């Protein structure tokens, strides 16, 4: 049986690879998230127990950084830039269009089929391309509400083909 | 480094002070602080201690080191303007329901707002009100009052070595929560209340529901209400009534009678009882050479810590109940019969310096015929509130004496209130018993506020090494030394709170080293004023032992006055499905101890079988081997014998393991 299918075994390997060093906690959390897609509480508790540190501390680190998520994320993460430049060039209609298409809201960022997660970012540093959307790690400049729906459709069909 | 700095035009010498704040305070110049504590690391979070430094501008004095020639102003126009602004911003994030706050009058934020004349806030209050955490028997957390100074986080991590609290999220969504954002009662919290002692703004308070329970009992004609008073409150309760850290035992007894208690007893009486039972237990272990070193068990914070973090030491803990629980047991099991009342109609209240005693009183092992041995625990601060509510003018009270037939108390029992006191009591008892020492035998090494004290004493031909620790971080370091073999000791006293019970989480604000020292000094004063100083000299106690148990240290006292300990998990949580399967369900312990012994290898082994494998963060059965639960039975197995052991217990015929 693959290690990956048995909870915690892979996690212990990650911790062991870092020799259980507390100074490596962020890296351990990053790799664990890569493995599980997000950081469930039992994973945080396991890390704390195996490393002999307080669970509150692990939770503190995991909730401090925006890169960590304690709730499941979709297969594809769509990040709409809402920095000043993107905002004035029309990021809001893009966001509205995406939410409507995917039946999402500010309180519900992930679709029920765990396919898409919608996030806003404050600036991607690509203001010259405003408005910018990053979909599945790919940067799309000068986006429009219609253009992003095309991207979403492509991702959805790519997923169904696999 | 040393030199001179000018503060407010006054030239001041400094030597090894780490920050300007300390230099100023040593010179008698006060600077307000909320997040600063001299015994904890400095974070500079609250910004209230700002000062103006020439050529450096406005700086936080807690995190700026003094340098020769520095010119500092602590109360310039600019400084006070910034401080007012800081206070306004802090108050905007603070639920200002001061009239209903337990900390009103003992709140630094309230005091500074008044000192700095904050009359009107320019900022609206936080819109959203968050729910309170009232799950713990000892500590209540009100996130709406928290100003995120982080003192609770630091005291729990640095002094207690546990780290129950930490920050969650960041920016405006930052909150201080217990592990995994679960209720405090489901965390590793040992209920010591040191976070309450350092909280500057009422966000952490003691769970004071007991006050109402006490009133109800007093007003219930069916109930006989009795009280016991621990050693430490008598040296601290006076602070609540502007009397300072002086003995107020007689006044407390009078006040309790006025409130309506039927009988008032002294926990020192059962502290003497503890000394006798524990000393004989210690001597017995020395003869047999087993379960050494002996660890004291009076402190419920330490006991819970040991159950959670050191299950391997549970046989070393003295089996004696704490003085509070010995008295509870005595009253409910024996004294109630003398009075002709049922145990449930005898309402036992104890006055303690401690919030963990509230938890101890509700431990299921301390019950008599279905009623708790101790029904309600009031902290020193809550007791003062009870007196105020009763309209008692505490200052003017005449002294009153404790009730018969348990009136006598020795100085040795009083010493339980300060760190080292239990050890000193045991030494006195042993000196009296084995060396026929008379009068007071002072043990100097146990005294003082150092967090770890170790000394060897000669008893006849034998040399005994004894250790005393206060604060669980210090205790943990001591335990490590003992377990590594670096240190060989015979007995260890551990108190969770810095300074021992005088610095308990239920003691009056300010609960700092200065006050702890003053209270401890008064404890030793009380001892020197009393006539008796060794537990065995307590004649009332002799009579009680004889009357109720046919003497001391026998099978009967063992039943009523001793207890047992049980490994406890550090974090609550359900069993987690690691691998689904059709076959029987097997739960593997993933607690720290079992993980270290290799429980994950067992998980891997089992996962290859068609069984359902679950994991849980401690099965609370720490012992030899790794804990595995099959058919609701916990087995202790090794990686080698796990399959065979499970086969023997599983009882199913699926044949998956053959």
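Chains as they are written, first to last, in my numbering: chain A, 1 to 162; chain B, 1001 to 1658. All C-beta atoms in this analysis are idealised placements derived from N, C-alpha and C, irrespective of residue type, glycine included. Please read all numbers here as calculations on a predicted model, not as lab measurements.
With distance defined between alpha-carbon atoms, name the residue in the options nearest to residue i.
i                      : options                        : result
residue 1373 (chain B) : B:1572, B:1386, B:1345         : B:1345
residue 1318 (chain B) : B:1614, B:1091, B:1483, B:1277 : B:1277
residue 67 (chain A)   : A:82, A:33, A:56, A:76         : A:33
residue 1601 (chain B) : B:1514, B:1642, B:1438, B:1324 : B:1642
residue 1298 (chain B) : B:1360, B:1246, B:1629         : B:1360
residue 1259 (chain B) : B:1222, B:1385, B:1358         : B:1385
residue 1451 (chain B) : B:1353, B:1204, B:1499, B:1541 : B:1499
residue 149 (chain A)  : A:130, A:116, A:121, A:129     : A:116
residue 1546 (chain B) : B:1011, B:1405, B:1628         : B:1405
residue 102 (chain A)  : A:129, A:74, A:127             : A:74
residue 12 (chain A)   : B:1650, B:1592, B:1629, B:1009 : B:1592
residue 1329 (chain B) : B:1371, B:1355, B:1541         : B:1371
residue 1490 (chain B) : B:1512, B:1508, B:1463, B:1497 : B:1463
residue 25 (chain A)   : A:8, A:47, A:39                : A:47
residue 1027 (chain B) : B:1035, B:1012, B:1037, B:1039 : B:1012
residue 1295 (chain B) : B:1322, B:1588, B:1272         : B:1322
residue 993 (chain B)  : B:1575, B:1485, B:1420         : The question about residue 993 (chain B) has no answer here: the residues shown for chain B are numbered 1001 through 1658.
residue 1032 (chain B) : B:1387, B:1080, B:1376         : B:1080
residue 1043 (chain B) : B:1063, B:1410, B:1055, B:1286 : B:1063
Which residues in chain A sit within 7 Å of residue i, going by Cβ to Cβ distance?
i                      : result
residue 1170 (chain B) : 64
residue 1600 (chain B) : 8, 9, 12
residue 1572 (chain B) : Result: empty, since nearest Cβ-Cβ is about 10 Å, beyond 7 Å.
residue 1165 (chain B) : 56
residue 1203 (chain B) : In chain order: nothing, as chain A lies at least about 16 Å away.
residue 1522 (chain B) : Ordered by position in chain A, no residue passes the 7 Å Cβ test against residue 1522 (chain B), which lies about 36 Å from the chain.
residue 1604 (chain B) : 6, 9
Go to residue i, then tell me how far its alpha helix (DSSP H) extends in each direction, as first and last residue.
i                      : result
residue 47 (chain A)   : 41 to 51
residue 1328 (chain B) : 1323 to 1329
residue 32 (chain A)   : 25 to 36
residue 1099 (chain B) : Run containing residue 1099 (chain B): none; DSSP gives neither H nor E here.
Roughly how far, in whole angstroms, is the beta-carbon of residue i from the beta-carbon of residue j, given that I think they are within contact range, below 8 Å?
i                      : j                      : result
residue 1400 (chain B) : residue 1413 (chain B) : So it is not a contact: roughly 19 Å between Cβ atoms.
residue 1083 (chain B) : residue 1050 (chain B) : 6 Å
residue 135 (chain A)  : residue 104 (chain A)  : Not quite, the Cβ-Cβ distance comes to about 14 Å (not below 8 Å), so this is no contact.
residue 1609 (chain B) : residue 1625 (chain B) : That belief does not hold up - the Cβ atoms of residue 1609 (chain B) and residue 1625 (chain B) are roughly 19 Å apart, past 8 Å.
residue 1622 (chain B) : residue 1300 (chain B) : Contact doesn't hold; Cβ gap of about 20 Å is too wide.
Interface residues of chain A around residue i at Cβ under 9 Å?
i                      : result
residue 1327 (chain B) : Those do not exist, as residue 1327 (chain B) stays about 35 Å from chain A at its closest Cβ, beyond 9 Å.
residue 943 (chain B)  : Outside the displayed span of chain B (1001 to 1658) sits residue 943 (chain B), for which this structure offers no information.
residue 1591 (chain B) : 49
residue 1186 (chain B) : The contacting residues do not exist; residue 1186 (chain B) stays about 11 Å from chain A at best.
residue 1020 (chain B) : Within 9 Å Cβ-Cβ: nothing; residue 1020 (chain B) doesn't reach chain A, min ~30 Å.
Between which two residues does the beta strand (DSSP E) carrying residue i extend?
i                      : result
residue 76 (chain A)   : 76 to 81
residue 1281 (chain B) : No beta strand (DSSP E) holds residue 1281 (chain B); the alpha helix (DSSP H) holding it covers 1267 to 1288.
residue 140 (chain A)  : 138 to 140
residue 1228 (chain B) : 1224 to 1229
residue 1615 (chain B) : 1612 to 1616
residue 1645 (chain B) : Per DSSP, residue 1645 (chain B) belongs to no beta strand (DSSP E); it is in the alpha helix (DSSP H), 1642 to 1650.
residue 1235 (chain B) : Residue 1235 (chain B) -> no beta strand (DSSP E), and no H or E assigned at all.
residue 1589 (chain B) : 1585 to 1589
Along chain B, which residues have their Cβ under 7 Å away from the Cβ of residue i?
i                     : result
residue 50 (chain A)  : 1595
residue 45 (chain A)  : 1180, 1571, 1573, 1617
residue 100 (chain A) : Near residue 100 (chain A) there are no residues of chain B at all, since even the closest Cβ is about 27 Å away, more than 7 Å.
List the residues of chain B that residue i touches, going by C-beta distances under 8 Å, in chain order.
i                    : result
residue 59 (chain A) : 1166, 1168, 1177, 1179, 1180, 1181
residue 35 (chain A) : Here the premise fails: no neighbours, minimum Cβ distance about 15 Å.
Along chain A, in chain order, which residues have C-beta atoms closer than 8 Å to that of residue i?
i                      : result
residue 1162 (chain B) : 54
residue 1576 (chain B) : 7, 42
Compare the C-beta of residue i against all C-beta atoms of chain E and say whether one is closer than 9 Å.
i                    : result
residue 42 (chain A) : Absent from the structure is chain E; the protein chains it does hold are A and B.
Tell me, please, whether the segment 12 to 26 of chain A touches the segment 1568 to 1582 of chain B by the rule of three or more beta-carbon pairs shorter than 8 Å.
With the rule of 3 Cβ pairs closer than 8 Å, the segment 12 to 26 of chain A does not count as touching the segment 1568 to 1582 of chain B.
Whether or not the segment 1355 to 1372 of chain B and the segment 1390 to 1402 of chain B are in contact is what I'm after, with contact meaning three or more pairs of Cβ atoms, one per stretch, closer than 8 Å; do they touch?
Contact between the segment 1390 to 1402 of chain B and the segment 1355 to 1372 of chain B is absent: fewer than three C-beta pairs spanning the two stretches fall below 8 Å.
Pairs of beta-carbons, one from the segment 1126 to 1133 of chain B and one from the segment 1099 to 1109 of chain B, closer than 8 Å: are there three or more?
In the pairwise beta carbon analysis, the segment 1126 to 1133 of chain B is classified as not touching the segment 1099 to 1109 of chain B: fewer than three pairs are separated by under 8 Å.
Under 8 Å, with one C-beta from each stretch per pair, do the segment 1151 to 1163 of chain B and the segment 1462 to 1477 of chain B reach the 3-pair mark?
Yes: at least three Cβ pairs fall under 8 Å.
Please determine if the segment 50 to 65 of chain A and the segment 84 to 97 of chain A are in contact, where contact requires at least 3 C-beta pairs separated by less than 8 Å.
Judged by Cβ distances under 8 Å, the segment 50 to 65 of chain A makes no contact with the segment 84 to 97 of chain A, as fewer than three pairs qualify.
Check whether the segment 1458 to 1466 of chain B touches the segment 1477 to 1486 of chain B, counting contact only when three or more Cβ pairs, one atom from each stretch, lie closer than 8 Å.
No, the segment 1458 to 1466 of chain B does not touch the segment 1477 to 1486 of chain B.
Under 8 Å, with one C-beta from each stretch per pair, do the segment 1430 to 1440 of chain B and the segment 1527 to 1541 of chain B reach the 3-pair mark?
In short, these stretches touch, since the Cβ pair count reaches three.
Using 8 Å as the threshold, is the segment 1225 to 1234 of chain B in touch with the segment 1501 to 1517 of chain B, meaning 3 or more CB pairs across them?
As far as the Cβ criterion goes, the segment 1225 to 1234 of chain B touches the segment 1501 to 1517 of chain B, which means the pair count is three or higher.
When you compare the segment 1266 to 1281 of chain B with the segment 1426 to 1436 of chain B, are there three or more beta-carbon pairs, one atom per stretch, that lie closer than 8 Å?
Segment contact: the segment 1266 to 1281 of chain B against the segment 1426 to 1436 of chain B, three or more CB-CB distances shorter than 8 Å; contact assigned.
Mind the definition here: the segment 1547 to 1557 of chain B touches the segment 1288 to 1303 of chain B only if three or more C-beta pairs lie below 8 Å; say whether that holds.
Segments in contact, no.
Could you check whether the segment 1197 to 1205 of chain B touches the segment 1143 to 1159 of chain B, counting it as contact only if at least three pairs of C-beta atoms, one from each stretch, sit closer than 8 Å?
Because the criterion of three Cβ pairs below 8 Å is met, the segment 1197 to 1205 of chain B and the segment 1143 to 1159 of chain B touch.
Evaluate the contact criterion for the segment 1085 to 1097 of chain B versus the segment 1063 to 1070 of chain B: three or more CB pairs, one atom per stretch, below 8 Å.
Output reads no: the segment 1063 to 1070 of chain B does not touch the segment 1085 to 1097 of chain B.
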